Each structure stands twice: as structure tokens, then as C-alpha cells.
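Structure record follows, encoded as C-alpha cells.
Chains as they are written, first to last, in my numbering: chain L, 1 to 337; chain V, 338 to 963.
Put into C-alpha cells, the structure is as follows:
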């Protein structure tokens, strides 16, 4: 494993350097930053994880924002509690209108407690609604250890995989030459999910690019991620393809993904979301902004209750500003050929 | 061995072997290594066919070689430029789960989604046909001569007017794809897009192609691989197309139990074989001796294609792989020392010791172990054998293989049991060419990096290590094969341990008990049924017809065995022999509470799981609570 890590150090250093150059898009949430969110609608969802509820327990934060709780329902539906409105997450127009009615035009979206199927479409329509959309994510303090830890199964995070199906508003049915497909996998601690993804996609090994979160939420996490995914990395002989992006930075992830996409010419790019939520956000931003062919692949994992404990650092991401600065129009709900 | 036909270059060979470990070949590899299986001519007929086979049985390779791109690569050396040599043109499509699952949800009924899906298939298949027309006209430098009126009609069926050419149709199809995708991402049940009629554009297009003078007598196939990835209502859409197709046929690739829906969109109508399609079951076609013959050809060709192996001249695979008989293995495992020690401690009369020593050592070992386990007087048992040897013949035949596991029990050995020889490796692969190739590659690789350098034939120790490694790798991969991967892994770990404990038992367990069935009297509930079906589909388990077979989906009437690829890893017999009964509750318990359930199943046979785990299973000591 150290060999694998050592070979990719150059990529890691470049990633960390790039991160430091992209200041201004990410900041740590603190008392100083709460005031910048004054009068924003704080769109959030409580989950079983304590970190999803932590910010509203901070008086200075809670008094700055207008609480706008949502609840994910079955069948890709979302309920806005303040307006008692239910809407389909697959209907971009209806979702945008509902979000506007519930949250107005200054939105800070806390994705910590939201499943991917909820926050990704909200980010998409939120960017249409609010050019200065902000996103919050709170790290956990700890992940739950597996009852029978193995090499590739150290933490006990998921109940099951429901199988690959598109995230609402991110379906891709345009067909391409499947033989020129690249896979970019945002990796986490669940090696089984990475293997499942590869079995679904069946790529050629030279076209698989794992992205490991480094620096991680904790100093040892990148090593654990490499260990948990080591079997697949070794089997596919893709040690040389490993890239790194800061675990808590969607923008690092975006740039890393973009560099892989740009090096692939006309290839179709499938991005597997099996890593951190900030990385998934980076992948979503790529899907929205890239002029190349990009497809998100998500295994619809069902997360285990009690998978994390405590609250770590909370981050504020200036997603709207980032999108504007990248200077490419975000794909809106009304885009068509 | 006579001479080297292949210069030894370990680094180069290891590099090539490393790249071959990945399951999916590049196009070049796939087409250049293709060896036509026995059933290929059936697939080439104009009839619709369903090719049923598990992962690694060569299904995708065969279907891709049936496509026009595949045929072009295969015919490169033999005159693919001559249009008269082409009998058919196939269009390959692999069902992509991330695409087809976009067509589901509470927004519409299944009937409505079926219309959406049918429209999607129309766009998809017509896009392939456009690409084919382009390819054909470039390759053979002739025009297919499809009239502009035909393009206009095809366009009309798709809801676009004014199509006059292939290029125009292709452009319209791309625009339709993008619009359709935009609709799916902004789903409004009150504002439906235009949906083309199921099959109509494909019928028109194939009809137009077939009417070309250059297509006289040639067939068109739509090849649909991984049919199991379709949702049930989508399978019905496809079944309807298969039933109604006129100017073209279908070649469907599907896993066992993956074809869940035989009805068409007409609820009273089913697809039946042979009326609607020919069923080609790869396991039946290439089973038994057919598989060994096919596998022999494939393995030889592959090995000869890898540079740097330093292979000696060999006529057949058995020349490269050392084989040892049961008696030879017993000798290696120390049977002679064992019986000498036991006889010395037994205080038997000299005549009996001499008699026992005159028998084949493994036979003497059985007599001694049988006496011990059944609490019999050793002298009397030997006497019984002396006077009635024939009565022991069947017993010896049944237990001989089991004794090899018993010899090593309780000893700290690298390998408790050896698995070697071409016949054995072919059996361990369970008729799966991918497993067998990977096993052979692993043997060759370990041989290359062995301390004393590569030696041929490859030793039984190296083959055993390769077999154990393959079992471990297959177990590790099981997790990622399906949504039930985690459950399947736990089930295999549990069953593997049970068969491992059974493997060296003489009393209370029939020899080589390595299969199970569920009691007929019990109703199988949905969760157990799904677990079994998933296990069979993803080759954690193999099943064979029990005594009373009813239909393919009935789980009551089959015997189940772990795939033999796991046998070396868990150290039990890879030969399919005898079975035990496991209840439905125990089956679920093996997944949900493995420690208690393993104990329960063993206790039912008065067996304690108090032995040590084989070395390779100590990684799972927490799982087994050892």
C-alpha cells in the first residue's frame, strides 16, 4: 500500500497546492462567518446522524438564518415543511418553484443530512434560483467500526446497496460508444461499493481513475481508503492512475475530475460516487459545468443508522460564486438541444 | 521437455499476466483470441436465440464476435472485404443499468413507462442501424440504396418530418435523445413528449435495409447482452419485440435466472422455445468433456500468445500441470508414518500388524480411523477386513478422498489438501472458462516467481496455492457482484466452514458432503428464494436438478453446492458428491447469525466445531468466533 501511495505523491502535492490557490470558495464555518449568512434560508434535513442537527444547536447560527427544513420522501419526492409542499425531485421546474416559495432567493443548503438523491437536484435548481448559492457540510467526528473488520471492510457504514439508478435530474440516456468510456471513482472506505461499480460499468483497466480523499478528515483516512480499495486497485493494476483531492473540498475534486476528463479527448466519463459528500458535490458540479460527456453513477446505497458519531469541522462552500467564476453557464432545468 | 518454444522473460511475462487479470479484454485481445465454441453455428442462424450462461462462461465474448464489428475483426485475414462472404450483420447492445433504471418511478404506471422505454429502444436501435449503414457503405464502397422515401417514413414513425438521408436521420436521432433526456430530468406527467410506437421505426428501417440489393439472403440481428439488467416490465417490452420481429432476429444474452419475465405486453402471451426462439444453454453445450476440450483449446492458445513465459513444447495442458493420484498424495501427507505409529501403539499381534502393513497404506489408515471413530476393537476390525475384504471395497471407494483431509487434520501444514492436475483444475473452475483461465494464469505466474525459477510441469504445491488464491479472490469479488453481495459473502463463508468441518469426518456425515437441499415440505419464503436466486445468478452457488424438478424458478427441487472455485480455499472436496439438508431458517441464519447457525447445523450431526481454522481462513476468525 505504501508503494501505491508513494507513487502518487506528486499528484497529491499538486492537488494540495491547487487547493491553496483556490481560496475564497471554501471556509470553515465559525462565528465570524455566521453573519455572512444573515437572513439566508437555511435549507436542511435532519437525519439519524447527530452532525445533521448540530448547527441549529448553535445560538449564533440559528438566530442568523431562517430555518427551512425539508424531508426526503419515498419515490423521489421532497417535502418542504415551511410551506407544507410536496414536490417531485425529478421535476426540475416544480422543484425550483417550490424551493423559491419555501426559501426565497438567498439560500444556504446544508447537505450533511440529505441523501444524494435530494441535495444534488436541490443544488442544480438552487443555482438557477440563487447565483450566490452556498452549501454547508459538517464532517463527522468518527465513523463506526465494522463488527468483523477485514482488509477492505474497516467501517460499518451501509445497510445495503439498492443498485445503480440515476440521481433525479441527472439521468443520462444519450448513448455513446461504450468502448471509449473512462471511469472516475471518488473512493471512500467501502471497497465493496467500488468493486460493485466496476462490475456494473465493466471498463477497460487503463481507463479507471480512482480519486482518494487526501488530506482526509483525519490524517490516517487516506491510508485507510487505499487499504479498503486495495484489492480492486491491485486487480485492475491502476495504482498509477490514482489521484488525490482534499476530502472536504468539492472544488479540489472538481479540478481533479476536470483534469482527467480533459485528458480523455472525446471519451465518455462515468463518475462513481462512493466517496465523501464534498467529493460527490464536486462530481455534481462537473456534471453541471463540463462541456465534455459526463455521467454520474450512484449505487443508491442505504446508509446505516449510527454510522457516524459526533461533529467535526463544518464547511461553507461558495458554490454559486465558484460556478460564476468558472464562467461557464450552469445547465439549467430548461436546457434542451 | 524437448525444447523451449518461447524465450523466458519473466518481467515481460508477468506484465502481460498482470494485465490479463482484469476481467474485461480490450477489443484487440477479445477478437484475436476468439475461439468459436461448438454452439456458435446455432447463433449464426437467422432465428432469434437466447444464450444463457453465467459470468465468465464466454457469453459476452461470443455475442460481441457476432456483431458486425466483431466479424470484421475476425475476418480481417480471410477476406472481409468481400461482401459475399458476409451472411449476417449483428448490432451489439449491452443493457446499461444506469440507463434503463431511469425508466421507472411512481410518476407513471408500468404500462406508461413501457411506452417510454419502447421509444428509447427505438431511438437506440435506429441509431445503431444508422451507424451500420455508414459503416457498410464505407467498407464496401457501395450504397445500400435506401430510398429517400424510406428515410422519410422512418422519420415519420419517430415523429420527425423531412428526413431524407442517413446523416439527417442520425442527426434527428441525436436531437431526440437529448430532448428525451431533458424530459426525463424534468419529469412532468402532465406534459408528455411524443413517444414512437413500439418497434415501428426499427421494423421500417430493417425492412429498408433488407430490401437493398446488397443484402440478398443476409440476416440482421439485434444483439442484446445482459438482459437480466432490464426491469421486469422492460423484459416484457423486449419479449414483444422478439415475438413480433419480422425482417430481423434477436440474439439475447442472459444469466441463469436473469430472464424473470416470459410474457409479452399481452398478459396472456408468452415467449416459448422453440416456437419463438432457440435456447442455447452454455452449461449444457460446453459441459463435461466438451468443456475440457474447449478449455484445452482456449488455454493453449492464450498461453502461446503470452511472450516471455519460457514454455516448453507441450501437446496438451496436462503436460504443463503435475498431477498426483490420491495414493501419491496420501504418501506426501505422511500416511505411512501415521499408520506405522498407530500400529506400533496398538499392541496388536504380529500377524495382524503384518497383514495391515501389507495393504495399501490408505486402506490401512481407513481401517484404523474407522475403528477409532466408531469405538471398535482394532484387532477385530482388521480381522473383519482380512476375511471380508470385498465388504470394505465400497467403503474404501467412498471414503478414500475424505481420508486425505483427515491425514492433515490437526497438523500445521501449508496445505491441508492438494488440488492439482488439468482435470482437477477444470473441475474447480466449474465449467467457467474465465475462472479456468485465471487459475492457469495464476499457476503460471506463481511458477515464474518461484524461488528456484520456473519449472515445468508446474508443481502440485504451486497449483494448490493458485487454487487457494483464486478462491480467496472470488470470495472477495462476490461482494461487488450484486446488491446482495454482502449477504452472499456471508453465506459462502458460513457454508464453506460447514463443508470444511465435514470434510474429514467419517462418523455422522456422509463422505464428501458438499451440497445441500431444502426440505420439500417447507414453503420457501420470498427472502430465502431471493437469496438463493441471487446466489445462483452470481455463481456463489451452483444448482442441479433434484429428484423432482418442477420449473426453473422453483427452489424446492434443486440441490445446491458452493461453486467449486471455493473448495480449495475452504479446504473440502471439489467433487460434487453428497448432500445434507438445510432448512430455510438455517439458510437465512447463515447470513444473519452465522456463528449460531453454523453451530446448530453441526450440532445436528453431533459435530463440534472445535478444530482450528485452515490458515487461509484465519483472517475471518472473528466471523467464526475462533
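Note that CB positions come from ideal geometry on N, CA and C, so glycine has one too.
For clarity, every value in this text was computed on a predicted model and none was experimentally measured.
Is there a C-beta anywhere in chain V that falls below 9 Å from the one on residue i?
i	result
residue 303 (chain L)	no
residue 241 (chain L)	no
residue 163 (chain L)	yes
residue 82 (chain L)	no
residue 75 (chain L)	yes
residue 93 (chain L)	yes
residue 333 (chain L)	With a pLDDT of only 43 at residue 333 (chain L), under the threshold of 50, the placement of this residue in the model should not be trusted; the figure read from the coordinates follows. Closer than 9 Å: yes.
residue 297 (chain L)	yes
residue 227 (chain L)	no
residue 151 (chain L)	yes
residue 140 (chain L)	no
residue 209 (chain L)	no
On the DSSP letters alone, give me the boundaries of the alpha helix (DSSP H) that residue i sits inside.
i	result
residue 462 (chain V)	447 to 477
residue 285 (chain L)	277 to 289
residue 522 (chain V)	Unbroken run through residue 522 (chain V): none, as it is neither H nor E.
residue 185 (chain L)	Residue 185 (chain L) -> not in any alpha helix (DSSP H); beta strand (DSSP E) instead, spanning 181 to 186.
residue 375 (chain V)	Looking at the DSSP string, residue 375 (chain V) is not in any alpha helix (DSSP H), and its letter there is neither H nor E.
Is it the case that the Cβ atoms of residue i and residue j are separated by a distance below 9 Å?
i	j	result
residue 832 (chain V)	residue 920 (chain V)	no
residue 212 (chain L)	residue 183 (chain L)	no
residue 462 (chain V)	residue 430 (chain V)	yes
residue 390 (chain V)	residue 592 (chain V)	yes
residue 906 (chain V)	residue 869 (chain V)	no
residue 261 (chain L)	residue 284 (chain L)	no
residue 837 (chain V)	residue 740 (chain V)	no
residue 353 (chain V)	residue 647 (chain V)	no
residue 64 (chain L)	residue 39 (chain L)	yes
residue 312 (chain L)	residue 144 (chain L)	no
residue 637 (chain V)	residue 622 (chain V)	no
residue 428 (chain V)	residue 473 (chain V)	no
residue 1002 (chain V)	residue 742 (chain V)	What is shown of chain V runs 338 to 963, which leaves residue 1002 (chain V) out entirely.
residue 601 (chain V)	residue 594 (chain V)	no
residue 823 (chain V)	residue 814 (chain V)	no
residue 105 (chain L)	residue 301 (chain L)	no
residue 279 (chain L)	residue 247 (chain L)	yes
Does residue i get closer than 9 Å to chain L when you measure Cβ to Cβ?
i	result
residue 885 (chain V)	Because the pLDDT of residue 885 (chain V) is 49, which lies under 50, any placement of that residue in the model is unreliable, and the question is left without a value.
residue 436 (chain V)	yes
residue 933 (chain V)	no
residue 511 (chain V)	yes
residue 517 (chain V)	yes
residue 829 (chain V)	no
residue 956 (chain V)	yes
residue 284 (chain V)	This structure leaves residue 284 (chain V) out entirely; chain V is present only between 338 and 963.
residue 858 (chain V)	The predicted position of residue 858 (chain V) is uncertain, since its pLDDT is 43 and thus under 50; a value taken from the coordinates is nonetheless stated next. For residue 858 (chain V), the answer is no, since every Cβ of chain L falls outside 9 Å of its Cβ.
For the beta strand (DSSP E) that contains residue i, what are its first and last residues?
i	result
residue 146 (chain L)	145 to 150
residue 881 (chain V)	878 to 882
residue 352 (chain L)	In the structure as shown, chain L starts at 1 and stops at 337, and residue 352 (chain L) therefore has no counterpart that could be examined.
residue 502 (chain V)	It is not in any beta strand (DSSP E) - residue 502 (chain V) carries neither H nor E in the DSSP assignment.
residue 916 (chain V)	915 to 918
residue 269 (chain L)	268 to 273
residue 787 (chain V)	Neither: residue 787 (chain V) is in no beta strand (DSSP E) and is coded neither H nor E.
residue 440 (chain V)	Element bounds for residue 440 (chain V): n/a, residue is neither H nor E.
Would you say residue i faces chain B, with C-beta separation under 9 Å as the test?
i	result
residue 148 (chain L)	Given the protein chain composition of this structure (L and V), no chain B is represented.
In the DSSP assignment, what residue or residues form a beta bridge with residue i?
i	result
residue 543 (chain V)	Paired residues: none, contrary to the question.
residue 110 (chain L)	L:136
residue 386 (chain V)	V:588, V:615
residue 634 (chain V)	Note: residue 634 (chain V) sits in no beta bridge, so no partner.
residue 570 (chain V)	Its beta-bridge partners do not exist; DSSP assigns none.
residue 429 (chain V)	V:560
residue 935 (chain V)	Per DSSP, none; premise fails for residue 935 (chain V).
Problem set entry | Near-chain V residues of the stretch 178 to 207 of chain L - C-beta to any C-beta below 8 Å | Residues 178, 179, 191, 192, 193, 194, 195, 196, 197, 198, 199, 200, 202, 203, 204, 205.
Exercise. Going along the stretch 806 to 823 of chain V in order, which residues come within less than 7 Å of chain L, judged by CB to CB distance?
Worked result: 813, 814, 816, 817, 818, 820, 822, 823
Problem set entry | Members of the stretch 453 to 472 of chain V that neighbour chain L once the beta carbon cut-off is set at 7 Å | 457, 461, 464
Exercise. Which residues, taken in chain order from the stretch 421 to 445 of chain V, show a beta carbon closer than 7 Å to some beta carbon of chain L?
Worked result: 431, 434, 435, 436, 438, 439, 442, 443, 444
Exercise. Along the stretch 519 to 536 of chain V, what residues have a CB closer than 8 Å to any CB found in chain L?
Worked result: The stretch 519 to 536 of chain V vs chain L, Cβ under 8 Å: 519, 521, 522, 523, 524, 525.
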